[in-house]
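Participant:
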Amino acid sequence: MRKNSKYCLILAPGILWIMAGIKLLLKASMSVFDNYFSFIIYCPLAMLAWGLAALKCRFLLCKTWEKQLALANQFISQSISGKTYLRQTFISKRFFIMALMIAFSLILRHYICNPLILFVIRATVGYALIKTAISYLYRIQKISIQHL
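Quick note: the sequence shown uses our numbering, first residue 44, plus one each step.
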C-alpha cells in the first residue's frame, strides 16, 4: 500500500469525528438564532457545554484517540495490514461509543422540547468530538513526520 493511501486511511477517523462534531455544533447554533431566548442566555450555556465537553474528552474520549493513535502507529510501521486496521478502527468498542454519543444526541431532540437543554447536549457532544479529532490529528502529524 502506498504512503498516501495509508495516510488517508489514518486520517479517516479524525475527519469523521470532526465532521460529526461540526454537524452537531451547527445544529446547536441554529437554536441560538431562534427568537425563543435571548442571546445572553446562550453565552453561559456555551461555557457550560465547553466545560462538560472538556470533562467528557478527558475521561471518556482520551483513551479512544490514544488507542486509535497506537493502532495508526502499528499500521504505519507495517505491523498490521490495511484490512486489519480498518476492521479494528471501525468495528470496535471505541467507535461504537462515539457512534452511540452521536446517535444519543440526535435521538434526544425528539424527546426534549426545551431548546436550551438541546443546545447544551448538542454543543457538549460537538465540542468533545472536535476536541478529540484535533488531538488525534495533531498527534498523527507528529507520528507521520517521524516515519518519513
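Backbone N, C-alpha and C fix where the C-beta goes; we use that ideal spot for every residue, glycine too. All values derive from a computational prediction rather than experimental measurement.
Quick check on the DSSP output: the alpha helix (DSSP H) that includes asparagine 116 runs from which residue to which?
Facilitator: In this chain, the alpha helix (DSSP H) harbouring asparagine 116 covers 105-119.
Participant: Given a threshold of 16 other Cβ atoms within 10 Å of its Cβ, counted over all protein chains shown, does glycine 94 qualify as buried or as exposed?
Facilitator: exposed
Participant: Count the other CB atoms, across all protein chains shown, that sit within 10 Å of the CB of lysine 70; report buried if there are 16 or more and exposed otherwise.
Facilitator: By the neighbour-count rule (16 or more Cβ atoms within 10 Å), lysine 70 is buried.
Participant: Which stretch, first to last residue, makes up the alpha helix (DSSP H) that contains phenylalanine 133?
Facilitator: 125-133
Participant: Quick one, are the C-beta atoms of arginine 137 and lysine 110 less than 8 Å apart?
Facilitator: yes
Participant: What three-state label does DSSP hand arginine 152 in the structure shown?
Facilitator: Here arginine 152 sits in coil by DSSP.
Participant: With distances taken between CB atoms, is the gap from alanine 176 to glycine 64 smaller than 8 Å?
Facilitator: Taking 8 Å as the cut-off, the beta carbon of alanine 176 is found closer than this to the beta carbon of glycine 64.
Participant: How far does the alpha helix (DSSP H) with tyrosine 85 in it reach, from first residue to last?
Facilitator: 82-99
Participant: Look up serine 48 in the DSSP assignment and say whether it is helix, strand or coil.
Facilitator: helix
Participant: Could you check the C-alpha separation between arginine 152 and isoleucine 186 for me, to the nearest Å?
Facilitator: 39 Å
Participant: Would you tell me roughly how many angstroms separate the C-alpha atoms of asparagine 78 and leucine 161, rounded to the nearest one?
Facilitator: Straight across, the Cα-Cα distance linking asparagine 78 with leucine 161 is about 15 Å.
Participant: Quick one: any contact between the segment 162-169 and the segment 46-61, if contact means 3 or more CB pairs under 8 Å?
Facilitator: With the rule of 3 Cβ pairs closer than 8 Å, the segment 162-169 does not count as touching the segment 46-61.
Participant: Give the single residue among Ile150, Tyr154 and Ala142 whose Cα lies nearest to the Cα of methionine 62.
Facilitator: Ala142
Participant: Can you tell me which of the three DSSP states phenylalanine 243 falls into?
Facilitator: Because the chain in this structure spans residues 44 to 191, residue 243 falls outside the shown range and cannot be described.
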